[in-house]
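K.L.:
According to this note's numbering, the sequence shown is numbered sequentially starting from 177.
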Amino acid sequence: MGFFKKRHGEMAATDAKGRSFVWRLPGFSRFRPDTMLDSANVVAFTMVKFHLHMTIDMNGNTGLYMHYKAMGIPKYSYFFSNSRGEVMRQQTAHTIPSNTKRCGHWNTCCRSDMLEFVGADDVLLVKFFFDDDCLTVSRTPQPNVLQVIWTVPHLFTQMLNPYSSQGFLAGGANFVVRLEIKKEFGAIDAVGPYAVDNIKDLVFFLFCRKEEVPPHSIELLDSSGACIAKVDKKATPGVQTLTVPKQQLWDALGKTGTLTVRVELQCCGNPIDALNALSEAQQHPLPPPPQGKGPSAVNATTPPGTVQIGSKREEYVVFHDDD
Numbered sequence: 177m178g179f180f181k182k183r184h185g186e187m188a189a190t191d192a193k194g195r196s197f198v199w200r201l202p203g204f205s206r207f208r209p210d211t212m213l214d215s216a217n218v219v220a221f222t223m224v225k226f227h228l229h230m231t232i233d234m235n236g237n238t239g240l241y242m243h244y245k246a247m248g249i250p251k252y253s254y255f256f257s258n259s260r261g262e263v264m265r266q267q268t269a270h271t272i273p274s275n276t277k278r279c280g281h282w283n284t285c286c287r288s289d290m291l292e293f294v295g296a297d298d299v300l301l302v303k304f305f306f307d308d309d310c311l312t313v314s315r316t317p318q319p320n321v322l323q324v325i326w327t328v329p330h331l332f333t334q335m336l337n338p339y340s341s342q343g344f345l346a347g348g349a350n351f352v353v354r355l356e357i358k359k360e361f362g363a364i365d366a367v368g369p370y371a372v373d374n375i376k377d378l379v380f381f382l383f384c385r386k387e388e389v390p391p392h393s394i395e396l397l398d399s400s401g402a403c404i405a406k407v408d409k410k411a412t413p414g415v416q417t418l419t420v421p422k423q424q425l426w427d428a429l430g431k432t433g434t435l436t437v438r439v440e441l442q443c444c445g446n447p448i449d450a451l452n453a454l455s456e457a458q459q460h461p462l463p464p465p466p467q468g469k470g471p472s473a474v475n476a477t478t479p480p481g482t483v484q485i486g487s488k489r490e491e492y493v494v495f496h497d498d499d
């Protein structure tokens, strides 16, 4: 029931819409391996309560999980921050089965790196967001070609390091459209300050963890539907990137404008199978529990595995290192 469960740190909304939250964990170094931390319950924009768990296993692998008190967890993202304003790369739960209340990433960082990250102030901030982007998949008049429309509102107010779409199915594999940034000065680091002013270029590409990326085009559109930039479809499969200067996008969208990304991809099999199925995993029951305590292995055509955490050994859908 959880009425007397120990809660750690402070969990609070940071906006009035129920989409943005921060979990503050002071004295992080006191949390030893083989520990699970629980945040307080808060209310999402859907009016559903949820809370977060952080796990630190015996090897120091640090995971972050969500317990959402209803089926149908919305897509979410989060990143770790310290009191110096430095951040780690953002993680996104982009492919969540619809028939679960529990999910998360099993290894976002190791404890030793986290201790170095928080430093002498010893305060860890988990900045958590229910994303407000939108993705649709539709057929085109061309045989076996899907059109994917990804709409990102107020692009430059989002955390873009990186930013990922919801997952979608094509040819039996799960894909996401991803946006990475290049900094104005210096290399892209796993840890560092984040500011829109320091972005030089935005890089868009289609990502699949296991399968080869089929031939595809990527086009960026402004709010009127005018093309900002485009990379055409190649005859051969493989990842291709569309790199656009930040200033070009800023001139087209402004600080709060909406970006539309249109992807057309050649897929094997019947594209009807992908329609209205942004992720095939959302339509399948969860797999049986894995043997042992660790997360089970998965491939690109099966739902995520599960892991048991906490004293009650509750089942959580576990995502792997595709973020």
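Ideal Cβ placement from N, Cα and C applies to all residues, glycine included.
Within this structure, are the beta carbons of Val420 and Leu378 separated by less than 8 Å?
P.N.:
Yes, they are a contact pair.
K.L.:
Rank Leu228, Pro250, Leu291 by C-alpha distance to the C-alpha of Ile272 and give the top, closest one.
P.N.:
Taking only the C-alpha atoms, the option nearest Ile272 is Pro250.
K.L.:
Could you tell me whether the Cβ atoms of Tyr492 and Cys279 are closer together than 8 Å?
P.N.:
Yes, they are a contact pair.
K.L.:
For His330, which residues in the same chain have their Cβ closer than 6 Å to its Cβ, ignoring the five residues on either side in sequence?
P.N.:
Closer than 6 Å at the Cβ level, and outside the excluded window around His330, lie Thr432.
K.L.:
Three-state secondary structure (DSSP) at Ser205?
P.N.:
Note: Ser205 maps to helix in three-state DSSP.
K.L.:
Flag Thr312 as yes if its beta-carbon sits less than 8 Å from any beta-carbon of chain C, otherwise no.
P.N.:
In summary, chain C is missing from the structure at hand, where a single protein chain is found.
K.L.:
Can you tell which of Asp191, Gly185, Leu441 has its C-alpha closest to the C-alpha of Pro317?
P.N.:
Ranking Asp191, Gly185, Leu441 by Cα distance to Pro317 puts Leu441 first.
K.L.:
Using the Cα positions of His243 and Leu301, report the straight-line distance between them to the nearest angstrom.
P.N.:
Their backbone Cα atoms lie some 19 Å apart in a straight line.
K.L.:
Given a threshold of 16 other Cβ atoms within 10 Å of its Cβ, counted over all protein chains shown, does Glu130 qualify as buried or as exposed?
P.N.:
Nothing can be reported for residue 130, as the shown portion of the chain is limited to 177 through 499.
K.L.:
Residue range of the beta strand (DSSP E) that Asp427 falls in?
P.N.:
Note, Asp427: premise wrong, no beta strand (DSSP E); alpha helix (DSSP H) at 422-429.
K.L.:
Mapping DSSP to helix, strand and coil, what is Ser341?
P.N.:
Reduced to three states, the DSSP call for Ser341 is coil.
K.L.:
For Ala349, count neighbouring C-beta atoms within 10 Å of its own C-beta (all shown protein chains included) and say buried if the count is 16 or more, exposed if not.
P.N.:
Per the 10 Å Cβ criterion, buried.
K.L.:
Inspect the beta-carbon positions of Val352 and Phe383 and report whether they are closer than 8 Å.
P.N.:
Yes. Within cutoff.
K.L.:
Of the residues Asn237, Asn217, Phe344, which one's Cα is nearest the Cα of Arg354?
P.N.:
For Arg354, the nearest C-alpha among the options comes from Phe344.
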